[in-house]
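Below: one structure, written as C-alpha cells.
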Amino acid sequence: MNLKVVPLAICVVLLVVISDEIAVTNAVTCNPLQLSPCAAAITSSGNPTTACCDKIKEQSPCLCQYMKNPNLQRFINSPGAKKVANSCGTPFPKCT
Numbered sequence: 276m277n278l279k280v281v282p283l284a285i286c287v288v289l290l291v292v293i294s295d296e297i298a299v300t301n302a303v304t305c306n307p308l309q310l311s312p313c314a315a316a317i318t319s320s321g322n323p324t325t326a327c328c329d330k331i332k333e334q335s336p337c338l339c340q341y342m343k344n345p346n347l348q349r350f351i352n353s354p355g356a357k358k359v360a361n362s363c364g365t366p367f368p369k370c371t
C-alpha cells in the first residue's frame with residue numbers, strides 16, 4: 276500500500292512546483308509607465324488605440340494599486356480613464 280502512495284505523493288509535489296513556476300512567469304509587472312499609450316485618450320476625447328487597450332488589459336491587475344498612489348489617483352479615477360477602460364472592454368476595478 277505504501278508503495279502506491281509514494282509515487283502519488285511525488286507527482287503531487289511535482290505538480291505543485293510546476294504550477295508555482297507557471298504562476299511566476301505569468302505575473303504582471305506593475306509599472307504605470309506601461310499605460311503611456313493611453314495618455315492622449317485619457318486626457319482628451321479621443322478613442323484609445325489598440326496599443327492602449329492591450330496595455331490596459333495587461334495592467335488591469337495593477338489598477339487598484341495605482342489608485343492608491345496619490346500621484347496617480349487623479350488620472351486613474353478620472354472620467355477619461357473610465358471611458359478608456361470601457362472602450363477597451365476592460366471592466367474598471369472596484370478596489371477596497
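Numbering (the numbering used here), first residue to last: 276 to 371. Here a beta-carbon is modelled for each residue, glycine too, at the ideal position from N, C-alpha and C. Only a predicted model underlies this, so the values are computations on that prediction, with no experimental measurement involved.
Is there at least one non-hydrogen atom of the ligand NAP closer than 7 Å to the beta-carbon of residue i?
i       : result
Thr-324 : In the structure on display, the ligand NAP does not appear, and there are no ligands present to speak of.
Do you know how far the Cα of residue j is from the Cα of residue i?
i       : j       : result
Leu-310 : Phe-367 : 15 Å
Gln-340 : Asn-346 : 12 Å
Lys-358 : Ile-317 : 8 Å
Thr-371 : Ala-326 : 28 Å
Ser-362 : Val-303 : 22 Å
Ser-319 : Pro-336 : 24 Å
Met-342 : Ala-314 : 16 Å
Gly-364 : Asn-352 : 17 Å
Asn-322 : Leu-308 : 19 Å
Following the continuous alpha helix (DSSP H) through residue i, name the residue where it begins and the one where it ends.
i       : result
Phe-350 : 348-351
Pro-354 : 354-362
Ala-315 : 314-318
Ser-325 : Before going on, a small fix: residue 325 reads as Thr here, not Ser. First-last of the alpha helix (DSSP H) with Thr-325: 325-334.
Gln-340 : 338-343
Using CA coordinates, which residue listed in the options is at the minimum distance from residue i?
i       : options                            : result
Ala-360 : Lys-332, Gln-348, Arg-349, Asn-344 : Lys-332
Asn-306 : Lys-369, Leu-338, Gln-348          : Leu-338
Assuming residue i contacts residue j (C-beta within less than 8 Å), just tell me the rounded distance between them.
i       : j       : result
Lys-330 : Pro-354 : In fact, because the Cβ distance is near 19 Å, the residues do not count as touching under 8 Å.
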